[in-house]
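Q: Following this note's numbering, the residues of the sequence shown are numbered contiguously, the last one being 675. Built from N, CA and C at the ideal position, the CB exists for glycine as well. Sharing a structure below in structure tokens format, with a few things to ask.
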Amino acid sequence: MKKQFIKVVLSCAIVAGGFSSCKNSSSSKNVSRATGWNINAKEGGFQYNSDFKEQETAPGLVFVEGGTFTKGQVQDDVMHEWNNTPTSQHVQSFYMDETEVTNVMYLEYLDYLKSVYPPEDPKYVHIYTGALPDTLVWRNRLGFNETMTNNYLRHPAYAEYPVVGVNWIQATQFAEWRTDRVNEVMLEREGYLSEEAKYKVINGEAEGGFSTEAYLNRPESVYNGQIDSLQGKMKKDSVSVFAKRSSGVILPEYRLPTETEWEYAAQAQIGSREYNNYRGRKKYPWEGDYTRNGQRVGRGDQLANFKQGKGDYGGIAGWSDDGADITAEVKSYKPNDFGLYDMAGNVAEWVADVYRPIVDDEVSDFNYFRGNVYMKTAIGKDGKVNVIRDSIVYDTLPNGKVVAVNLPGEIKMVPVDEEETFLRTNFSSSDNRGYRDGEPGSTRFYDRFSDDEDEKDQKKMYDAPVSKVQVDSTGNILRAYDKSNNRTSLINDEVRVFKGGSWRDRAYWLDPAQRRYLPQYMSTDYIGFRCAMSRVGSKSKTKNKTPRGKKAK
Numbered sequence: 123m124k125k126q127f128i129k130v131v132l133s134c135a136i137v138a139g140g141f142s143s144c145k146n147s148s149s150s151k152n153v154s155r156a157t158g159w160n161i162n163a164k165e166g167g168f169q170y171n172s173d174f175k176e177q178e179t180a181p182g183l184v185f186v187e188g189g190t191f192t193k194g195q196v197q198d199d200v201m202h203e204w205n206n207t208p209t210s211q212h213v214q215s216f217y218m219d220e221t222e223v224t225n226v227m228y229l230e231y232l233d234y235l236k237s238v239y240p241p242e243d244p245k246y247v248h249i250y251t252g253a254l255p256d257t258l259v260w261r262n263r264l265g266f267n268e269t270m271t272n273n274y275l276r277h278p279a280y281a282e283y284p285v286v287g288v289n290w291i292q293a294t295q296f297a298e299w300r301t302d303r304v305n306e307v308m309l310e311r312e313g314y315l316s317e318e319a320k321y322k323v324i325n326g327e328a329e330g331g332f333s334t335e336a337y338l339n340r341p342e343s344v345y346n347g348q349i350d351s352l353q354g355k356m357k358k359d360s361v362s363v364f365a366k367r368s369s370g371v372i373l374p375e376y377r378l379p380t381e382t383e384w385e386y387a388a389q390a391q392i393g394s395r396e397y398n399n400y401r402g403r404k405k406y407p408w409e410g411d412y413t414r415n416g417q418r419v420g421r422g423d424q425l426a427n428f429k430q431g432k433g434d435y436g437g438i439a440g441w442s443d444d445g446a447d448i449t450a451e452v453k454s455y456k457p458n459d460f461g462l463y464d465m466a467g468n469v470a471e472w473v474a475d476v477y478r479p480i481v482d483d484e485v486s487d488f489n490y491f492r493g494n495v496y497m498k499t500a501i502g503k504d505g506k507v508n509v510i511r512d513s514i515v516y517d518t519l520p521n522g523k524v525v526a527v528n529l530p531g532e533i534k535m536v537p538v539d540e541e542e543t544f545l546r547t548n549f550s551s552s553d554n555r556g557y558r559d560g561e562p563g564s565t566r567f568y569d570r571f572s573d574d575e576d577e578k579d580q581k582k583m584y585d586a587p588v589s590k591v592q593v594d595s596t597g598n599i600l601r602a603y604d605k606s607n608n609r610t611s612l613i614n615d616e617v618r619v620f621k622g623g624s625w626r627d628r629a630y631w632l633d634p635a636q637r638r639y640l641p642q643y644m645s646t647d648y649i650g651f652r653c654a655m656s657r658v659g660s661k662s663k664t665k666n667k668t669p670r671g672k673k674a675k
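Okay, structure coming up:
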């Protein structure tokens with residue numbers, strides 16, 4: 123009996139050991155749990171970055187952990203605009219610029235464009251000029267602001283002040299450029315590009331530039347086909363080695379934050395969290411119902427840069443309430459509980475969304491965003507992705523400004539078509555900006571549309587003015603105002619949301635829920651922007667939970 127018991131125990135131990143061995147073998151990060159084959163074997167086969175830990179925080183950004191919150195106005199609607207009904211929304215974790223984009227950051231962008239695409243070259247003539255901020259926004263018919271017109275953008279005294287005079291289109295193009303420059307540095311650091319690659323482009327020794335999407339889709343085309351000579355230490359035996367998305371080296375794109383992301387980040391209710399609840403609601407990005415500092419140090423000073431009354435932009439000499447009369451240097455005020463500066467005051471900020479009065483939470487309450495235009499890479503007759511060389515496309519905006527739609531070396535993009543939309547339930551067209559609010563099917567005339575363009579124009583849901591800009595045979599731009607008296611709205615698919623208060627605004631606009639809009643081709647002296655980046659991977663950076671959220675120091 124005793125021997126029998128010992129045999130049973132030994133058998134169980136052997137079986138358990140076998141299972142343990144099998145478990146350890148299958149759980150190894152370099153052994154496939156699907157096939158049992160080795161991953162990253164020296165002999166070849168499937169290669170994958172099994173050592174990836176977490177997305178790196180890109181330059182200038184801070185982490186914003188996502189969650190649920192109430193989007194929209196929870197205070198009295200004193201303006202009676204009825205465009206901000208509160209809804210419950212959930213936001214995925216993301217990253218956002220610590221501060222607004224400053225003059226010196228934007229000047230770096232302009233310097234790059236001027237060096238790589240010299241405006242003296244006829245084929246590049248509008249690339250640099252199309253990116254220039256409108257410095258004339260400072261002018262006032264009855265005000266003397268020529269000093270700002272001439273100095274604000276370029277004088278070193280304003281280097282760390284937020285850039286203004288930038289329209290929505292220019293802001294998005296800056297974000298695209300920033301994506302490419304940061305990923306260029308990431309590839310250089312990891313040995314996929316040589317250290318001198320970026321400087322050879324700037325100095326004119328290598329043609330073309332670096333595009334992240336071109337590198338991922340057709341790496342041999344980057345730097346106008348000269349990438350082999352600009353490879354880094356990863357190059358093996360004269361064979362070029364390129365990073366892929368699966369390498370984990372290339373970061374997601376910089377972009378404008380969505381309205382929902384911006385509002386969530388500005389509220390920063392993480393500081394008023396207790397366990398799984400928010401303690402009350404915030405009127406401003408800081409705690410309390412007042413705009414003045416209640417702490418002993420700095421008591422009575424304003425917590426943001428805004429207009430305090432008629433003819434009062436900053437208090438009296440010797441005792442300025444907010445330390446500024448126009449914009450202020452970034453980081454002049456305390457950050458909110460996410461570590462973000464100037465989410466109220468200083469300058470209002472562009473966000474990605476197309477404006478509509480209604481937030482349609484029946485369709486989406488997760489990462490809400492209106493403005494999706496789905497595109498795909500253009501494929502040539504040779505079956506390869508099309509890369510733009512000298513065929514630069516320019517667009518003349520309604521105000522006559524000419525901007526480059528694409529840059530040399532970028533991937534050509536085209537709208538998705540039936541190949542992607544047929545028998546699909548989640549979207550049916552490329553352009554979704556007017557979905558359920560502005561497209562023909564959302565109007566009461568949806569069954570009465572004809573092919574007559576004039577009739578279509580009369581039956582639009584939002585009958586906004588249409589100013590016409592044409593280029594004649596000699597290249598001169600002809601501008602014509604829409605003088606119709608039948609227009610009933612200023613809303614269309616080219617009108618974008620901007621959020622937050624500014625140095626020109628009263629305290630009412632410091633509420634993160636407030637929203638305004640402006641055509642995407644216009645700019646002002648009080649609207650700037652900051653960039654965001656999506657987070658890939660886990661929601662949180664840590665698994666440790668704390669009873670209460672951290673307060674800003």
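1. Suppose you measure from the CA of residue 622 to the CA of residue 214; what does that come to, to the nearest Å?
2. Residue 390 by DSSP, collapsed to three states: which one?
3. Does DSSP classify residue 310 as helix, strand or coil?
4. Could you tell me the alpha carbon to alpha carbon distance between residue 446 and residue 469, rounded to whole angstroms?
5. Under DSSP, the beta strand (DSSP E) around residue 685 begins and ends at which residues?
6. Counting only the same chain and skipping the five closest in sequence on each side, list residues whose C-beta sits under 8 Å from that of residue 344.
7. Quick check: the Cα distance between residue 351 and residue 276, rounded to an integer number of angstroms?
8. Assuming residue 217 and residue 186 are in contact, meaning their beta carbons sit under 8 Å apart, how far apart are those beta carbons, in whole angstroms?
9. For residue 641 and residue 618, what's the separation of their Cα atoms in angstroms?
10. Compare the Cα-Cα distances from residue 257 to each of 420, 522, 267, 271 and report the closest residue.
11. For residue 591 versus residue 518, is the C-beta distance shorter than 9 Å?
12. Give the straight-line distance between the Cα atoms of residue 148 and residue 155, rounded to the nearest whole angstrom.
13. Distance check for residue 222 and residue 82, CA to CA, integer angstroms please.
14. Three-state secondary structure (DSSP) at residue 296?
15. What did DSSP end up calling residue 320 once you bin it into helix, strand or coil?
16. Going by beta-carbon coordinates alone, are residue 666 and residue 479 separated by less than 9 Å?
17. How many whole angstroms separate the CB atoms of residue 382 and residue 195, which I take to be in contact at a CB cut-off of 8 Å?
18. Between residue 538 and the rest of its own chain, which residues show a CB-CB distance below 6 Å, the 5 nearest in sequence each way excluded?
19. Just reading off the beta strand (DSSP E) that residue 189 is part of, what are its end residues?
20. Should residue 555 and residue 489 be called a contact, given that it needs their Cβ atoms to be closer than 9 Å?
21. Ignoring anything shorter than 3 residues or poking outside the region 603-663, list the beta strand (DSSP E) runs there in chain order.
22. For residue 144, which of helix, strand or coil comes out of DSSP?
23. Between the alpha carbons of residue 660 and residue 668, how many angstroms are there, rounded?
24. Check for me: the beta strand (DSSP E) holding residue 584 runs from which residue to which?
25. Along the chain, where does the beta strand (DSSP E) that runs through residue 471 open and close?
26. So is residue 425 buried or exposed if we call it buried at 16+ other beta carbons inside 10 Å?
27. Does the distance from the CB of residue 454 to the CB of residue 170 come in under 9 Å?
A: In terms of the structure at hand:
1. 21 Å
2. coil
3. helix
4. 12 Å
5. Outside the shown range of the chain, which is 123 to 675, sits residue 685, and nothing can be said about it.
6. 330, 332, 333, 336, 337, 531
7. Each residue's alpha carbon lies about 36 Å from the other.
8. 7 Å
9. In a straight line, the C-alpha of residue 641 is about 6 Å away from that of residue 618.
10. 271
11. yes
12. Note that residue 148 scores 43 on pLDDT, short of 50, meaning its location in the model is unreliable; the coordinates nonetheless yield the value given after this. Their Cα atoms are separated by approximately 5 Å.
13. With the chain represented from 123 up to 675, any question about residue 82 goes unanswered, as that position is not in the structure.
14. helix
15. helix
16. At a Cβ-Cβ threshold of 9 Å, residue 666 and residue 479 do not count as neighbours.
17. Residue 382 to residue 195, Cβ: 14 Å. No contact.
18. 496, 498, 552
19. 189-193
20. no
21. 617-621, 637-641, 654-656
22. Per-residue confidence for residue 144 stands at a pLDDT of 45, beneath the threshold of 50, marking its modelled position as unreliable; the derived number appears in the next sentence. Helix at residue 144.
23. 18 Å
24. First-last for residue 584: undefined, no H or E at that position.
25. Secondary structure note for residue 471: its beta strand (DSSP E) is the uninterrupted segment 470-476.
26. buried
27. With contacts defined by Cβ atoms closer than 9 Å, residue 454 and residue 170 do not form a contacting pair.
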